[in-house]
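Asks: Here's a structure for you.
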Amino acid sequence: MFTADDETKGNQRENVITYKLNGGFDKSALEKLIHYAYTAKLDVPDSQVKAVYLAACHLMMDRVMKECTRHFIRNLNVDNCIETRSLPGIARNKTFVGQVEEYIAQHFEEVSKSKILLSLPCVRIEVLNQTRQEMSLVVGESVCQLVLDWVKRQYDEEVTNIDSVTEKTHLLYLALDNSLQDCSELPTGELSDTEIVQDYKKMSNKNHNNHKSRRKGQLQPAKPRVLMYSREITQRTETEKESDWNLIAAARVG
32 MFTADDETKG
42 NQRENVITYK
52 LNGGFDKSAL
62 EKLIHYAYTA
72 KLDVPDSQVK
82 AVYLAACHLM
92 MDRVMKECTR
102 HFIRNLNVDN
112 CIETRSLPGI
122 ARNKTFVGQV
132 EEYIAQHFEE
142 VSKSKILLSL
152 PCVRIEVLNQ
162 TRQEMSLVVG
172 ESVCQLVLDW
182 VKRQYDEEVT
192 NIDSVTEKTH
202 LLYLALDNSL
212 QDCSELPTGE
222 LSDTEIVQDY
232 KKMSNKNHNN
242 HKSRRKGQLQ
252 PAKPRVLMYS
262 REITQRTETE
272 KESDWNLIAA
282 ARVG
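Residue numbers (our numbering): 32 to 285.
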């Protein structure tokens, strides 16, 4: 938060420590928190609650954080819930996260039409089904969770920016381990290796001349495909519970 510089005055070599704010803090918000530390009184206008909350998080001032979160929850609406969910450090407050995500899920039809959500980067995914029966067994929330897992793997495997996953429509298929994989890596000759897949492979190779396969070995069969598509959204593994990669809501369009 601060850096300290030693200064000498005159011939007395008196050490005076000067603290400089490193940035990331709103000056006015910090002043209010200092005033609160001395007086136990805090008066924050609506326009500064976010800045005060962020500063309080850095300083681990729990009482201030709790009051700010109460304010956020009381004033949640369709227009600000996405911005509230994206507050830096919010993942550490699981109760706060849960309340915001619950609001988004309950009002998702309206939220999905809001300007702030529509302005977010969009990852376009198409999932290849091998049979009509398989397609009929698809559960929307489960597929969305698989897609989220796939996007997360792209970041785990050194995708450096969002543009690399939003620049094209990705054609994915359900692998034997019940994970989604890119059809550009589908072995030639398999049942799903159709003309659509061939065209997709050509397009992928043209766009990524230096593309390397991310598959790290032969996949082993896991649960039946139908069970995977039918799993409940609440059935999460420990890695799926990471707050910054939560599936909040899903809706059918078209």
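C-beta atoms are modelled at their ideal positions from N, C-alpha and C, and glycine is treated no differently.
Which class does Q212 belong to by DSSP, given the choice of helix, strand or coil?
Replies: DSSP places Q212 in strand when its eight states are reduced to three.
Asks: Can you check whether the CB of E157 is closer than 9 angstroms to the CB of A282?
Replies: For A282 and E157, no; Cβs fall outside 9 angstroms.
Asks: In the DSSP assignment, find the unbroken alpha helix (DSSP H) run with E141 in it and report its ends.
Replies: Its alpha helix (DSSP H) spans residues 139–142.
Asks: Which of helix, strand or coil does DSSP assign to V158?
Replies: V158 falls in the strand class under three-state DSSP.
Asks: At which residue ranges does the region 76–153 contain complete beta strand (DSSP E) runs of 3 or more residues, listed in the order of the chain?
Replies: List check, beta strand (DSSP E) in window: nothing returned.
Asks: On the three-state DSSP scale, how would you describe L61?
Replies: Helix, per DSSP.
Asks: What's the call for C100, buried or exposed, on a 16-neighbour Cβ count within 10 Å?
Replies: The amino acid occupying residue 100 in the given sequence is Thr; Cys does not appear at that position. T100 comes out buried.
Asks: As a quick exercise: from N108, K58, F103, pick the residue whose alpha carbon is nearest that of F295.
Replies: Since the first and last residues shown for the chain are 32 and 285, residue 295 lies out of range.
Asks: Can you name, in chain order, every residue of its own chain whose Cβ lies under 6 angstroms from the Cβ of S244, other than the five neighbours on each side?
Replies: Low confidence applies here, because S244 scores a pLDDT of 47, under 50, leaving its location unreliable; read the following figure in that light. Hits under 6 angstroms: E216.
Asks: So, using beta-carbon positions, are V182 and V142 closer together than 9 angstroms?
Replies: Cβ distance not < 9 angstroms, so V182 and V142 don't count as in contact.
Asks: Using only the alpha-carbon positions, how far apart do D194 and Y231 sit?
Replies: Those two C-alpha atoms are separated by around 19 angstroms.
Asks: Rank K199, T225, L211 by C-alpha distance to the C-alpha of M234 and give the top, closest one.
Replies: Looking at the Cα atoms, K199 is the closest of the given residues.
Asks: DSSP puts H201 in a beta bridge; with which residues?
Replies: I156, per the DSSP bridge assignment.
Asks: Is it buried or exposed, N236, if we count other Cβ atoms within 10 angstroms and call 16 or more buried?
Replies: With fewer than 16 other Cβ atoms within 10 Å, it is exposed.
Asks: How long is the line joining the alpha carbons of N160 and E62, rounded to whole angstroms?
Replies: Answer to the nearest angstrom: the Cα atoms are 58 angstroms apart.
Asks: Does the distance from the C-beta atom of L207 to that of L177 stay below 9 angstroms?
Replies: It is not a contact, given that the beta carbons lie outside the stated cut-off.
Asks: Could you give the first and the last residue of the continuous alpha helix (DSSP H) run that contains V170?
Replies: Looking at the DSSP string, V170 is not in any alpha helix (DSSP H), and its letter there is neither H nor E.
Asks: Is it the case that the region 108–117 contacts the region 84–98, given that we only count it when at least three CB pairs across the two stretches are under 8 angstroms?
Replies: Taking 8 angstroms as the limit for Cβ pairs, the verdict is that the region 108–117 does not touch the region 84–98.
Asks: Report yes if the CB atom of L179 is closer than 9 angstroms to the CB atom of W276, and no otherwise.
Replies: Yes, Cβ-Cβ distance for L179 and W276 is below 9 angstroms.
Asks: Measure the Cβ-Cβ separation of L202 and I227 and say whether it is below 9 angstroms.
Replies: Yes.
Asks: Can you list, in chain order, the residues of its chain whose CB lies under 8 angstroms from that of Q137, leaving out five sequence neighbours each side?
Replies: Around Q137: no qualifying Cβ.
Asks: Helix, strand or coil, according to DSSP, for A280 in the structure here?
Replies: The answer is coil: DSSP assigns A280 none of H, G, I, E or B.
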